[in-house]
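Asks: Handing you a structure now.
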Amino acid sequence: MKIIDTIQHDQSGEKVVLAESAAGTRIALCATPGFSTSSGHFGLRFGSTDTHFRLPSGQEVEVPGGSAHYLEHKLFEGREEKVFDRFGKLGARFNGGTSFRTTTYHFTTASKFEECLEVLVDFVQHPLITEERVEKERGIIEQEVRMYADHPGFAGTFLLHEALYANHGIRVEPGGTVDDVRAINAQHLQDCFDGFYRPSAMCLSLAGDFDTDEVLAYLESKLDVDHTPLATKIYPSEPASPNADWLEKEFPVTRPHVWIGWRAATGEPEGLPRLRTRLINSLVLDLAFDIASDTHADLYKRGVIDDSFGCHWSGDSDWGHVVASGLCDDPKAFVDEIRKAALAFAEKGPAQADFERLKRAAWGGLISGLQTPTALAGNILSSLLGDVRPFEMLDVLAKVTYDDICAAAKELFKPEQSAVAVLKPAAE
Numbered sequence: 244m245k246i247i248d249t250i251q252h253d254q255s256g257e258k259v260v261l262a263e264s265a266a267g268t269r270i271a272l273c274a275t276p277g278f279s280t281s282s283g284h285f286g287l288r289f290g291s292t293d294t295h296f297r298l299p300s301g302q303e304v305e306v307p308g309g310s311a312h313y314l315e316h317k318l319f320e321g322r323e324e325k326v327f328d329r330f331g332k333l334g335a336r337f338n339g340g341t342s343f344r345t346t347t348y349h350f351t352t353a354s355k356f357e358e359c360l361e362v363l364v365d366f367v368q369h370p371l372i373t374e375e376r377v378e379k380e381r382g383i384i385e386q387e388v389r390m391y392a393d394h395p396g397f398a399g400t401f402l403l404h405e406a407l408y409a410n411h412g413i414r415v416e417p418g419g420t421v422d423d424v425r426a427i428n429a430q431h432l433q434d435c436f437d438g439f440y441r442p443s444a445m446c447l448s449l450a451g452d453f454d455t456d457e458v459l460a461y462l463e464s465k466l467d468v469d470h471t472p473l474a475t476k477i478y479p480s481e482p483a484s485p486n487a488d489w490l491e492k493e494f495p496v497t498r499p500h501v502w503i504g505w506r507a508a509t510g511e512p513e514g515l516p517r518l519r520t521r522l523i524n525s526l527v528l529d530l531a532f533d534i535a536s537d538t539h540a541d542l543y544k545r546g547v548i549d550d551s552f553g554c555h556w557s558g559d560s561d562w563g564h565v566v567a568s569g570l571c572d573d574p575k576a577f578v579d580e581i582r583k584a585a586l587a588f589a590e591k592g593p594a595q596a597d598f599e600r601l602k603r604a605a606w607g608g609l610i611s612g613l614q615t616p617t618a619l620a621g622n623i624l625s626s627l628l629g630d631v632r633p634f635e636m637l638d639v640l641a642k643v644t645y646d647d648i649c650a651a652a653k654e655l656f657k658p659e660q661s662a663v664a665v666l667k668p669a670a671e
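Written as structure tokens, this is what we have:
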């Protein structure tokens, strides 16, 4: 175990020790003296879109959608005892999650931190995957997939993804489809684990009232030493323009639900470029459509939007888009009004005072999200998986300028890069 760096971030008031295991696992430790809880987050950049890859042996593998999520469930099962039961006996809260490009596992505890840490690194590194175990979980995961498919928020989001992208893996919800779940077998999951759950791909983030040197010494014998190289991910090519202008389907809703997306021309590489893009585009959306904006006030006053309206940015190395969504009675009129407002904002730009105010608010929001060991450990893990230094988001935000916002708005709201998804009430 070697210490790589020590970060003393004055503005956040936190100190992080960065270390690396003998096999390349990256570790971040943030001591928080006086806090009653401690937290551990363990993860890697492998998610639901990583279904096609080449193993170090040269074998090319293609697994069904939802395999990363299914593998997460199999790790929860443990080798001899369910992981939730092991953490429960220690009085700890535990969970995990699979996104498009990452899988993470985390616990929070008020006692027995080292025992919880041992459970975390043990079950993630040493699963037991058999056909019998995979079959036993199939019905549960199928139910989960059906539950999400019945949720209008999920259904509409992924219908929009189908409109925005022709081939990309984000067209499919991270759990996959029911047919995907039925097709997954033990070999698929073993290939995923062997290809990506390698020490050199893992990141471990810890925060709490502990002694950093003692925790590093404790981890010395707990982290595997395995220098097997990672599998190589293979992604489909994707046209530069949206796949469809307008997609809609009937759904059990009482009013139409509408999603409007504007697709970026390209994604952003890992590291600072992607972090900077996320921060800038999130600020653009806040300035254009946040509840405190003039645009929001006008649209709300005229009855175009209501309290269901919202917007967000999503992006990674090979995709990026902004989304505005809400309930309405006339989808076409709603879309026309939102697109017109977006174009007007892009042409005019925000008031300088509004930019300064929302930049300060964003700063406060980031700082307030670092106030507990759980939040700290999760935030630091996200930084490690995004290939940026802990708390670098604060440094990047501080350098965002008014001109950056104006330029980004002009790029984001191009009409030719927009697509719409509508869930409409079923015909009686």
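Residues 244 to 671 in this note's numbering are what the sequence shown lists, from first letter to last.
C-beta atoms are modelled at their ideal positions from N, C-alpha and C, and glycine is treated no differently.
Report all residues from its chain with a CB closer than 7 Å to the CB of R441; omit the five preceding and five following residues, and keep chain order.
Replies: Within the same chain, R441 has close Cβ partners D469, T471 and L473.
Asks: Determine the extent of the beta strand (DSSP E) in which D248 is found, giving its start and end residues.
Replies: First-last of the beta strand (DSSP E) with D248: K245 to H252.
Asks: Which residue comes first and which comes last in the beta strand (DSSP E) that contains R297?
Replies: Looking at the DSSP string, the run of the beta strand (DSSP E) that includes R297 is H295 to R297.
Asks: Determine contact between the segment 477 to 485 and the segment 586 to 601, defined as no fewer than three beta-carbon pairs at a distance below 8 Å.
Replies: Touching, no.
Asks: Do three or more CB pairs link the segment 612 to 624 to the segment 510 to 529 at distances below 8 Å?
Replies: These segments do not touch.
Asks: How far does the beta strand (DSSP E) with T538 in it reach, from first residue to last?
Replies: T538 -> not in any beta strand (DSSP E); alpha helix (DSSP H) instead, spanning D537 to K544.
Asks: Quick one: grab the DSSP three-state call for P644.
Replies: A small correction: the amino acid at residue 644 is Thr; Pro does not occupy that position in the sequence shown. Here T644 sits in coil by DSSP.
Asks: Return the Cβ separation of G339 and T347 in integer angstroms, given the expectation that the two are a contact with Cβ distance under 8 Å.
Replies: That pair is a contact at about 6 Å.
Asks: I250: which of Y408, I270 and S264 sits nearest, CA to CA?
Replies: I250 has its Cα closest to that of I270, out of Y408, I270 and S264.
Asks: DSSP three-state call for C446: helix, strand or coil?
Replies: C446 falls in the strand class under three-state DSSP.
Asks: For G396 and R414, what's the separation of their Cα atoms in angstroms?
Replies: Rounded to the nearest angstrom, the two C-alpha atoms are 14 Å apart.
Asks: Can you find a CB in chain E that lies within less than 9 Å of the CB of I581?
Replies: In the structure shown, chain E does not exist; there is a single protein chain.
Asks: Out of curiosity, what's the CA-to-CA distance linking L318 and G290?
Replies: Each residue's Cα considered, the two are about 14 Å apart.
Asks: When you compare the CB positions of A664 and V501, do they come within less than 9 Å of one another, or not?
Replies: Against a cut-off of 9 Å, the Cβ pair of V501 and A664 comes out as a contact.
Asks: W556 bridges to which residues according to DSSP?
Replies: DSSP, once it has assigned bridges, lists V565 as partnering W556.
Asks: Within the segment 385 to 470, note down every full alpha helix (DSSP H) run reaching 4 residues or more, in order along the chain.
Replies: Listed in chain order, the complete alpha helix (DSSP H) runs (minimum 4 residues) inside the segment 385 to 470 are 395 to 407, 421 to 426, 429 to 439 and 455 to 462.
Asks: Start and end of the beta strand (DSSP E) containing T351?
Replies: It spans T346 to T352 - the beta strand (DSSP E) in which T351 sits, taken as one unbroken run.
Asks: In the structure shown, what three-state DSSP assignment does K355 receive?
Replies: Residue state, collapsed to three classes: coil.
Asks: If we call anything under 9 Å between Cβ atoms a contact, is T341 one with R288?
Replies: Not a contact, by the Cβ cut-off of 9 Å.
Asks: Just to check my reading of the structure: A398 and L666 have Cβ atoms closer than 8 Å, yes? What is that Cβ distance to the nearest angstrom?
Replies: Rounded, the Cβ-Cβ distance is 6 Å, consistent with contact.
Asks: Relative to the C-alpha of H369, which residue among L403, D437, F330 and F356 is closest?
Replies: Comparing Cα positions, the closest option is D437.
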